[in-house]
Amino acid sequence: MITEAEARGYVLLAQHPLPRLDDTMVVFRIPIDTTIPEAIDEIEAAVPGVTAGANHLYRLQSQGQARLDYAASMIGWPDGGCVSRARVGMIDGGVAPGHPGLTSGQIVQDVFGDGSNAAAMDHGSRIAALLIGPGRLRGAPLYSANVVAEGDAAGVVPILRALDWLAANEVRVVNISMAGPRNKLMNRALSRAVADGMVLVAAVGNDGPSAPPQFPAAFPFVLGVTAVGSDGAVFRNAGRGPHVDVAAPGVDVIVRDGARLRIASGTSMAVPFVTASIAADANLVRRPVEAIRRHFTATSTDLGPAGRDTVFGAGLLQFAGC
Numbered sequence: 000m001i002t003e004a005e006a007r008g009y010v011l012l013a014q015h016p017l018p019r020l021d022d023t024m025v026v027f028r029i030p031i032d033t034t035i036p037e038a039i040d041e042i043e044a045a046v047p048g049v050t051a052g053a054n055h056l057y058r059l060q061s062q063g064q065a066r067l068d069y070a071a072s073m074i075g076w077p078d079g080g081c082v083s084r085a086r087v088g089m090i091d092g093g094v095a096p097g098h099p100g101l102t103s104g105q106i107v108q109d110v111f112g113d114g115s116n117a118a119a120m121d122h123g124s125r126i127a128a129l130l131i132g133p134g135r136l137r138g139a140p141l142y143s144a145n146v147v148a149e150g151d152a153a154g155v156v157p158i159l160r161a162l163d164w165l166a167a168n169e170v171r172v173v174n175i176s177m178a179g180p181r182n183k184l185m186n187r188a189l190s191r192a193v194a195d196g197m198v199l200v201a202a203v204g205n206d207g208p209s210a211p212p213q214f215p216a217a218f219p220f221v222l223g224v225t226a227v228g229s230d231g232a233v234f235r236n237a238g239r240g241p242h243v244d245v246a247a248p249g250v251d252v253i254v255r256d257g258a259r260l261r262i263a264s265g266t267s268m269a270v271p272f273v274t275a276s277i278a279a280d281a282n283l284v285r286r287p288v289e290a291i292r293r294h295f296t297a298t299s300t301d302l303g304p305a306g307r308d309t310v311f312g313a314g315l316l317q318f319a320g321c
């Protein structure tokens, strides 16, 4: 493949083996007079069996301020937290060293972006606190893949490298509080991970109710999570569509930061509640994605129109207990 691409004017930038995904990712700079769609078509035509795609950006999905600590009681999560029944991972910004409320022994971390973005690390630390902070999951380390390089976004390349790393560490449930456009490379890699037993839980995005579906949440093999407030109303900027599977607290959510309380809103903040509920259920965590989706349909509290809908999915997450 590399020889064929270079003969057409493509410049090799990097090559990343993804052994657990049974794949190899190759990064090229395209010729200056070639558009991305043209490049995709050209490479796929020249090398049968290859999947080509753009290095899209996927953005962190949180914003805002919060008011009260309602989230755990709203979904039936116990005050003392629960033991994790499987390894849990996150693809996000990194977790800050020495983050209050999180001990170093709780975090297994690797860097796939540049690892130096303070705002992204703040986001990642919040997600980690919602997953394994006081009163959350316990008994297993959190595998944190830091993928953000600049601003609040990560490219396809670090995300897929992170996915392969999580698979190599036998992580079962992965929290993805990021959203972006549809991408064939993401589709290929994530579908392989799911086929191998991984459960992916992702934010539906904060681009508003009229925005097109955001990925990876909109892939059919990923569980898409929206955010609601203490009144059960959907987060005003949450994406909508048939890919919304379930709702969880994500508006005015308090994140415990040592002795301090920090506050955030967004579909990002809702995802850890769903991830944790799967990981804490010894039966559910071993089931395939479609079975988990049926579980949500059977157990969630209906919100909005009767039955499943494009705003709340199955409804408000309800946790049956550890």
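Read in order, the letters of the sequence shown correspond to residues 0 to 321 in numbering that gives the first Met the number 0. Backbone N, C-alpha and C define an ideal beta-carbon position, used for all residues, glycine too. From a predicted model like this one, the values you see are computed outputs, not experimental measurements.
Within-8 Å CB hit, residue i to chain D
i, result
"V270", "Of the protein chains in the structure, only one exists, and it is not chain D."
Rounded separation between residue i and residue j - CA only
i, j, result
"P180", "P215", "8 Å"
"G132", "T33", "48 Å"
"G312", "L199", "17 Å"
"D163", "D22", "9 Å"
"R19", "P47", "22 Å"
"A4", "L17", "20 Å"
"L101", "D195", "30 Å"
"P219", "E169", "22 Å"
"A279", "G8", "51 Å"
"V273", "L316", "7 Å"
Close-in-space but distant-in-sequence residues of the same chain around residue i (CB under 6 Å, 5 per side omitted)
i, result
"N236", "N205, G207"
"Q69", "According to the sequence shown, residue 69 is Tyr rather than Gln. Taken in chain order, the residues that qualify are S229."
Neighbourhood of residue i by C-beta distance below 7 Å, restricted to the same chain and skipping five residues each side
i, result
"F111", "A144, N145, V146, P157, R160, A161"
"A139", "S83, R86, V87"
"A275", "L130, R135, L136"
"A65", "For A65, the predicted model reports a pLDDT of 38, less than 50, meaning its position is unreliable; a value from the coordinates is still stated below. Hits under 7 Å: D251, V252, I253, I262, A263, S264."
"R58", "D151, A152, M177, A178, G179"
Residue i, enclosing beta strand (DSSP E) - first and last residue
i, result
"P16", "10-17"
"D40", "It is not in any beta strand (DSSP E) - D40 instead sits in the alpha helix (DSSP H) that spans 35-45."
"V107", "106-110"
"S276", "Note, S276: premise wrong, no beta strand (DSSP E); alpha helix (DSSP H) at 266-278."
Terminal residues of the alpha helix (DSSP H) in which residue i lies
i, result
"D163", "155-167"
"I1", "1-6"
"S72", "70-74"
Residue i (DSSP reduced to helix, strand or coil)
i, result
"G123", "helix"
"R307", "coil"
"A226", "strand"
"F295", "helix"
"M185", "helix"
"V146", "coil"
"R58", "strand"
Residues of its chain near residue i, where Cβ-Cβ distance is below 8 Å and the 5 sequence neighbours each way are ignored
i, result
"Q14", "I1, T23, M24, V25, V26"
*For the region 182-192 and the region 203-212, state whether three or more C-beta atom pairs, one from each stretch, are separated by less than 8 Å.*
Fewer than three beta-carbon pairs drawn from the region 182-192 and the region 203-212 are found closer than 8 Å, and the two stretches are therefore not classed as touching.
*asked:* With three or more C-beta pairs closer than 8 Å as the rule, is the region 263-277 touching the region 33-44?
replied: Because the criterion of three Cβ pairs below 8 Å is not met, the region 33-44 and the region 263-277 do not touch.
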